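Working notes, beginning with the structure itself.
Right, dumping it as structure tokens:
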């Protein structure tokens with residue numbers, strides 16, 4: 001009687017259907033605004049997405065409408081132009097990163113409240129996680145940062161990069 005080379009005990013394992021967030025991220029969403037912390041968050045998210053074979057969705061949210069109501073037409077136009085130029089720079093940076101890392105990247109430019117638009121984009125793209133930079137503004141300690149609000153929402157794992 002020859003001993004078996006391999007024996008199996010217990011129930012046979014079968015691959016389970018894919019469940020969002022359990023097989024590693026497939027979509028990593030990152031909020032970018034041109035700040036140092038958001039660019040570090042973007043680098044972290046890109047590295048994570050590349051290692052996991054995930055798609056990176058970079059979201060830039062501008063809210064010039066809130067300033068426009070308080071500013072004269074000339075100044076409001078300058079603010080809008082600055083936001084447009086920043087969006088173009090971020091778009092170009094995403095394109096370069098996608099080519100360098102051979103990574104699928106989607107760049108979204110939204111207008112409105114950063115928290116609301118990041119949530120909306122995460123839902124639309126079925127994000128498995130959201131990555132943001134920590135706030136460098138002192139006022140956020142009083143009203144709460146976008147990162148804090150995202151964590152409190154509790155719909156996705158949130159990584160806050162310092």
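Numbering (the UniProt record's numbering), first residue to last: 1 to 162. C-beta: ideal position from N, C-alpha, C; glycine also. Since the model is a prediction, treat every value here as computed from it, not as a measurement.
Span of the alpha helix (DSSP H), counted from its first residue to its last, around residue i
i: residue 103; result: Looking at the DSSP string, residue 103 is not in any alpha helix (DSSP H), and its letter there is neither H nor E.
i: residue 147; result: 146-153
i: residue 121; result: 114-124
Residue i, DSSP secondary structure in three states
i: residue 38; result: helix
i: residue 26; result: coil
i: residue 84; result: helix
i: residue 127; result: coil
i: residue 156; result: coil
Boundaries (first-last residue) of the beta strand (DSSP E) holding residue i
i: residue 62; result: 55-62
One or two residues paired with residue i in a DSSP bridge
i: residue 111; result: 62
i: residue 31; result: 59
i: residue 133; result: 161
Does the region 56-63 come into contact with the region 83-103, if we say contact requires no fewer than three beta-carbon pairs (one atom in each stretch) closer than 8 angstroms?
A contact exists between the region 56-63 and the region 83-103.
Say whether the region 119-133 touches the region 22-33, bearing in mind that this needs 3 or more beta-carbon pairs closer than 8 angstroms, one atom from each stretch.
Between the region 119-133 and the region 22-33 there are three or more C-beta pairs closer than 8 angstroms, enough to call the two in contact.
Assess contact between the region 47-54 and the region 149-157, defined as three or more Cβ pairs (one per stretch) separated by less than 8 angstroms. Is contact present?
They do not touch, by the three-pair rule.
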